[in-house]
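Chain order of the listed sequences is A and B.
Here numbering that gives the first Met the number 0 is used: the first residue of the first sequence is 0, the next is one more, and so on.
Here numbering that gives the first Met the number 0 is used: the first residue of the second sequence is 0, the next is one more, and so on.
This report concerns only the one structure given below.
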Amino acid sequence: MISFLIKRLLQSILVMLTVALIAFALFRYVGDPINNMVGQDTTLEERADLRERLGLDDPFFVQFGRFVVNAAQGEFGISYQHRRPVSELIAERAPATLELSLLSAILAIAIGIPMGVYTAIHRDGWLSRAFMSLSLIGISLPTFLIGILLILLFGVILRWLPTFGRGEVVQLGWWSTGFLTWSGIKALIMPAITLALFQMTLIMRLVRAEMLEVLRTDFVKFGRARGLPDRYIHFKTALKNTMVPVITIIGLQLGAIIAFAIITETVFQWPGMGLMFIQAVREVDIPIMAAYLVMIALIFVIINLIVDMLYYVVDPRLRVDRAATGH
Amino acid sequence: MRSLTKTLTAALLGSAMLAAPASAEEFKFAFQGDAGTMDPHGLFETFTLGFQRNIYEGLVARDGNMAMTGALAESWENTSPKVWTFNLRKGVKFHNGNDFTADDVAFSVERIKTEGSDMKVVAALIDKVKIIDDHTIEFHTPAPNPIMPLQLEIFYIMDKEWSEENKTTEATSVAGGDEGNFANLNANGTGPFKLESRQSGVKTVLVRNDDHWEDIDSNVTKAIFTPIDQDATRVAALISGDVDLAWPIPVQDWNRLESADGVKPLTGPEARTIFLGFNQTDDELKTGGEATKGKNPFKDVRVRQAFMQAIDIEAIKKKIMRGSATPAGLMIAPQINGFTEAQNTRPDHDVAAAKKLMEEAGYGDGFEVTMDCPNDRYVNDEKICQASASMLAKIGVKVNLLAQTKSKYFGKVLAQNEYDTDFFLLGWTPSTFDAHNVLSALMSCRGGEDNIGAFNLGGYCNPKINELTAKVQSETDQDKRQAMIEEAFQIHSDEVGHIPLHQQPLSWGVSDKVDVVQRPDNVFDLRSAVVK
């Protein structure tokens, strides 16, 4: 177990370094940050001076090495546009993204699973067909379009919900929450639905496919032959067996929700990390871009690590194999 | 009983009257980006300085029509050719209650010289500061400077004591440690609004400063500013009433605002001139094909003239700018000091004449060139470039358009990349609102000292213009100065140094519930905001 864990950790570190390297290589193609940091009347000497102070003239690997050493100490430098430490900015913006992602994940699961079960059981019902067509929209329409359509309908035409932002937030220590004010909750609705829609349809289709598969298996047929009630077969026998792959996918999708919040946050001007990242790309704010990409990579790596460890715990064969070959 | 009713009525009336001035007038506005910093010396950028001027004030200011007015200085005078004397306003207090004196002005001059400052251009105007008394101060200039007050409009004064207490005596630096960074998020000015809270990139809240010295039009007691990045979201926020003012509004959304209830577009000519420029430095075009092997056609004035006549500016105005651009013949807008209507003419759009000129220059079969263009900097910038390319195709020039985001575009065409461009589109508003800035930055030969020719991307060069520019800088006789400005512009027009296209439109959207004044430099001043 220990050697497996250490091996996994070393692999994770390698993944993180690779991500950082690729990200760093990409920054050279994003553009030049200096002209976004000074006014038009700033002289050429001052521009050159600033470039040097920021170390942008250094060779690629010197810059990269400096970044890795600093990042290992949790130091991501000072944002070019905000002129504040990046770690501080991320801590400030993280609650917005996490609250949105969490609510979206809950929405996706709470609606996606029952819809999947329903469409699997009543395969030819009109409601199932309606759900299936709706899910097609969810899976094929780009997120930003859904967001803009929602804004148009509920923000501009009906005027029920705010068109942008997070509403009033309440500060609980360093965590800012929108759940405690009415305007904060209203502001959450549209972004959460927009972000949840894709995951919801994904979960629904997955549950449906797995469920149909399980319903065809022999033990379900035996159950029916024994005269067990449909309810019992559907929810106790079939759904339980369906959930194993579904839980795996949901776990992995959690990282995706946080990462893909970028688009939703941009459309709704939701003040989270994704919006900050997009703004950073436009202004070539390298410290923020680097920190964000590394952080997202870290989230994925951690989730994968946990999933791997769960497999190890759940699947005894994995342990036996390791023991046999692990000298 | 009757007397009781009377007393009650009186009491009610009294409380109503007391409540009236305290009624909160909230004003919400949105722009596409955030102010870069709250530090008044940290970033020389129009929006940032425009936002800060609600909180901080300079010695002089501009009103809604861009006319100079006194702010922290009541009057000023060119007491000798190299000395400007400012008489400071008495009884002005900073938001923390400290008195404003000449010490604060001298301190602010020192502060803009520090490493993190982006106001070193202003610092360079001042050789020495001499405090005469608490409310009189002299600025000694390195050379006679007739337009110094114009150049000081964006130089805001900070409180010396407050800066020292909070260890922010140096301008906020992006590269350094935390020193000076207190002023990045906090502010203590003399302006009509106080900074209540700020979360950079998210939300900034200003509240009225009741002790402000000036009698302003605004009745706003609280202003909430939010940057909204996406055009569609910004327009939706305005129409739905979530904000009272939003800009910029895409030109193509004007109809939508007009047809919606309770909002309208607010437009006018901006002082920014959009123009095209040519590589006139290299002996061979960098991006040309076979036809220009070993040659640079842009060195020939006939080719430049042909380009100018090939471009149908009226079509660009009508089709791309929805009739809202102001075609330009000069490199400066009518609002700029030095502009003359008589010079603001363009040669007729004439494809036949342009073709003939190309033939005379030996390029009857045309040539190929790459055009550099930003796609997120100016109003419909990429579309203007596309239209220009198709118009130039009619005289045989094959334009390969390279339209990129501003960070990439400027990274390619500016000095740091050795002006890597053959043909480009650029826009310019002189920060001083004086022609000298344009003569110096855009039209003078490159390679001189200071910032001379720094944005002359194509390297257009006529030493006579440099000579005139230097004279314009120090000539104190306004008539002589104007004559020299006109002479320089005439040379530039005759030689087609650049092709001025138009002044782009300002494009704001406002709610019917508020009145605001739109300044031609695209600055919104809360002093003008009235909630109806």
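C-beta atoms are modelled at their ideal positions from N, C-alpha and C, and glycine is treated no differently.
Note that the coordinates shown come from a computational prediction; the quantities given were computed from them, not determined experimentally.
Would DSSP call F153/A helix, strand or coil? helix
Measure from the C-beta of G35/B to each C-beta in chain A and report whether the shortest distance is under 8 Å. Judged by the 8 Å Cβ criterion, G35/B is in contact with chain A.
Taking just the CA atoms, how far does F267/A sit from I188/A? Roughly 11 Å between the two C-alpha positions.
Minimum length 3: unbroken beta strand (DSSP E) runs contained in the stretch 249-318 of chain B: As far as the stretch 249-318 of chain B is concerned, its whole beta strand (DSSP E) runs of at least 3 residues are 262-277.
Considering only the alpha carbon of each residue, which of I319/B, Q150/B, A186/B and V104/B lies closest to L54/B? Reading off the sequence, residue 54/B comes out as Ile, not Leu. Selected option, being the one with the closest Cα: A186/B.
Are the CB atoms of T167/B and G41/B within a distance shorter than 8 Å? Pairing G41/B with T167/B gives a Cβ-Cβ distance that is not under 8 Å.
Below-8 Å beta-carbon distance, D57/A vs any chain B residue: So, not an interface residue.
Own chain partners of F50/B with C-beta closer than 6 Å, once the 5 adjacent residues on each side are dropped: A34
Pair within 8 Å by beta-carbon distance, V368/B and F422/B: yes
Near Y362/B, what residues of its chain come up, given a Cβ to Cβ distance below 6 Å and the 5 sequence neighbours on each side ignored? P296
Backbone CA spacing between R321/B and V82/B [nearest angstrom]: 48 Å
Check whether the stretch 419-438 of chain B and the stretch 309-321 of chain B are in contact - that is, three or more C-beta pairs closer than 8 Å. no
Quick one, which residues of the stretch 259-284 of chain A are near chain B if we go by CB-CB under 8 Å, in chain order? T265, V266, F267, Q268, P270, L274, M275, I277, Q278, R281, E282 and V283
When burial is assigned at 16 or more other CB atoms within 10 Å of the CB, is W159/A buried or exposed? exposed
Can you list, in chain order, the residues of its chain with a C-beta nearer than 8 Å to that of G146/A? Leave out the 5 residues immediately preceding and following it. Closer than 8 Å at the Cβ level, and outside the excluded window around G146/A, lie M189, P190, T193, I262, T263, V266 and F267.
Any idea which residues DSSP pairs P499/B with across the strands? F274/B
Three or more C-beta pairs under 8 Å: does that hold for the stretch 270-287 of chain A against the stretch 75-82 of chain A? yes
Have a look at T236/A, P244/A, P228/A and R165/A and flag the residue whose alpha-carbon is nearest the alpha-carbon of R204/A. P244/A
Could you tell me the distance, in whole angstroms, from the CA atom of P249/B to the CA atom of S506/B? P249/B and S506/B have their alpha carbons spaced roughly 7 Å apart.
Taking the DSSP output, what are the residues bridged to E91/A? DSSP lists no partner for E91/A.
Using only the heavy atoms of the ligand ADP, determine whether one of them is closer than 7 Å to the beta carbon of E91/A. Absent from the structure shown: the ligand ADP. Ligands present: none.
Give the secondary structure of Y155/B by DSSP, where H, G and I count as helix, E and B as strand, and everything else as coil. strand
To the nearest angstrom, how far is it from the Cα of K89/B to the Cα of P145/B? 26 Å
Under 8 Å between C-beta atoms, does T41/A make it to chain B? yes
Mind checking whether I394/B and A353/B have CB atoms under 8 Å apart? yes
Comparing alpha-carbon positions, which option in F106/B, A72/B and V173/B lies nearest T135/B? A72/B
Neighbouring residues, chain A, relative to K119/B (Cβ below 8 Å): T41, T42 and E45
Kindly indicate if chain B contains any beta-carbon less than 8 Å away from that of Q80/A. Using a Cβ-Cβ cut-off of 8 Å, Q80/A counts as an interface residue toward chain B, since at least one Cβ of chain B sits closer than that to its own.
Check whether the Cβ atoms of G32/B and V234/B sit closer than 8 Å, and answer yes or no. No, they are not a contact pair.
Which bits of chain A does T404/B rub up against, with CB to CB less than 8 Å? G30 and R281
Would you list the one or two residues that DSSP bridges to M67/B? R61/B
Short check: CB of I249/A to CB of I108/A, under 8 Å? It is a contact, given that the beta carbons lie within the stated cut-off.
Any idea if P20/B is buried or exposed, counting beta-carbon neighbours within 10 angstroms, 16 or more meaning buried? Reliability fails at P20/B, whose pLDDT of 43 lies under 50, so the model's placement of it is uncertain and no value is given.
Check the Cβ of R83/A against every Cβ in chain B and list those closer than 8 Å, keeping chain order. N180, N183, L184 and S199
Against S239/B, what residues of chain A qualify as contacts under a CB-to-CB distance less than 7 Å, listed in chain order? G154, V155, R158 and T162
Measuring CB atoms only, is the stretch 488-505 of chain B touching the stretch 258-272 of chain B, in the sense that at least three cross pairs come out at less than 8 Å? With the cut-off at 8 Å, the stretch 488-505 of chain B and the stretch 258-272 of chain B touch.
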